[in-house]
Amino acid sequence: MKSIIIAKYIFPIIIILLIINFQNIFAQGFDWQKGGRMPYQIPNLYAGISLKYSYNSHFGEFNFKENFIECCKFTEGSGSGFNLGLTTEYWYDSHTALMLDVNFSKINSEFAVRSILPTRGDDFITEYGFNSTLNMINIESGGRFRILNTHFSIGGVLRFSALVSSNSEYSEQAISQNVPFERRIIPNGSISELNSIVISPVVTFAYDAQLGTGYYATPNISLSYTLNSIIQDESLRRFGVEFGIRIMRSLKN
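First residue of the sequence shown? That's 3 in this note's numbering, and the numbers climb one at a time after it.
Shown next, in the form of structure tokens:
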């Protein structure tokens with residue numbers, strides 16, 4: 003009778019210990035154990051590199067000036083960008099990871115607006131163009147969660163972008179045949195000053211692919227949106243669709 007009672011309590015304890023051990027083995031979703039003779043303690047901390055390509059839509063309303071005289075307003079634009087940096091990931095438990103990234107981004111954008119100048123004859127029709135390149139340093143902090151027991155995850159970060167440098171080109175392109183030039187560069191064009199800090203929430207859907215013991219790759223798709231305006235005193239925001247990959251390596255405990 004005594005042995006039956008002992009077995010009654012020992013069996014659940016063994017099951018619980020096995021479950022705990024199983025969860026530790028698959029702490030990041032991968033079975034990296036090579037065998038009982040070669041135990042592998044799965045780390046919680048990982049570091050690596052990240053690379054992203056983005057397609058961005060810009061929208062708002064801001065003035066373009068030539069010789070400090072307002073001539074038109076830009077309201078929408080588009081462009082692409084890339085992002086390269088270092089990333090770290092700490093797995094708090096088997097389904098939750100905390101992330102911290104530091105990276106550099108280069109974002110190109112193009113804006114255009116049509117201008118119609120009435121004359122005694124046919125109207126003068128031109129198109130003003132604004133091409134911009136922003137170089138930024140970004141710090142991103144957030145987390146992600148594995149979806150059930152799969153290698154898919156969903157997460158989010160808050161991105162703080164600091165402006166490092168910018169380049170701009172302003173132009174005017176002839177549309178109607180009666181314009182006395184084909185295209186001209188406007189050296190004394192300007193818009194409002196750029197904000198030095200831009201804050202963006204980013205939502206990410208990702209998949210972890212095993213590369214070997216202690217290594218994994220994370221292809222991902224992200225959506226980002228700027229909370230504050232990119233330029234001062236006027237409105238310019240950016241919505242981005244980002245395609246990226248992260249290559250991670252474990253750091254031993």
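Beta carbons are placed, not taken as given, at the ideal position from N, Cα and C, and that holds for glycine. Here the structure is a predicted model, which means the values were calculated and not measured.
Along the chain, where does the beta strand (DSSP E) containing residue i start, and where does it finish?
i              : result
histidine 60   : 47 to 68
tyrosine 227   : 217 to 227
valine 205     : 199 to 209
glutamine 175  : 154 to 176
glutamate 244  : 237 to 253
isoleucine 187 : 185 to 187
Thinking just about the alpha-carbon of each residue, which of the options is nearest to the one in residue i?
i             : options                        : result
cysteine 73   : Lys108, Arg251, Ser143, Ser192 : Ser192
tyrosine 217  : Lys254, Glu184, Phe207, Ile149 : Lys254
alanine 211   : Asn58, Met250, Gln175, Glu236  : Met250
glycine 55    : Leu225, Arg186, Glu142         : At residue 55 the sequence reads tyrosine, which differs from the glycine that was named. Nearest C-alpha to tyrosine 55: Leu225.
threonine 220 : Leu53, Glu78, Ile187           : Leu53
Which partner residues does residue i have in the DSSP bridge list?
i              : result
cysteine 74    : Phe66
isoleucine 118 : Ile127
valine 104     : Leu88, Ile141
lysine 212     : As written in the sequence, residue 212 is glutamine, which differs from the lysine given in the question. Answer by DSSP bridge pairing, in chain order: Tyr218.
Please classify residue i: is it buried, with 16 or more other beta-carbons within 10 angstroms of its beta-carbon, or exposed?
i             : result
asparagine 26 : For asparagine 26, the pLDDT reaches just 39, beneath the cut-off of 50, and the residue's location in the model is therefore unreliable, although a value from the coordinates is still provided. Exposed is the call here.
valine 243    : exposed
tyrosine 130  : buried
threonine 228 : buried
tyrosine 172  : buried
glutamate 63  : exposed
lysine 58     : The question names lysine, but residue 58 is asparagine in the sequence shown. It is buried - the Cβ of asparagine 58 has at least 16 other Cβ atoms within 10 Å.
alanine 164   : exposed
Open item on the list: Using 8 Å as the cut-off, can you tell me whether the segment 117 to 130 makes contact with the segment 83 to 97, which would need three or more C-beta pairs spanning the two stretches below that distance?
Closed with: The segment 117 to 130 makes no contact with the segment 83 to 97; the number of CB pairs closer than 8 Å stays below 3.
TODO: Please confirm if the segment 131 to 147 is in contact with the segment 100 to 112, defined as three or more CB-CB distances below 8 Å between the two stretches.
DONE: Result yes; three or more Cβ-Cβ pairs closer than 8 Å.
Task: Any 3 or more C-beta pairs closer than 8 Å across the segment 195 to 202 and the segment 158 to 165 - done: Result yes; three or more Cβ-Cβ pairs closer than 8 Å.
- [ ] Taking 8 Å as the threshold, find out whether the segment 143 to 151 comes into contact with the segment 90 to 103 through three or more Cβ pairs.
- [x] Touching, yes, given that three or more Cβ pairs across the two stretches are closer than 8 Å.
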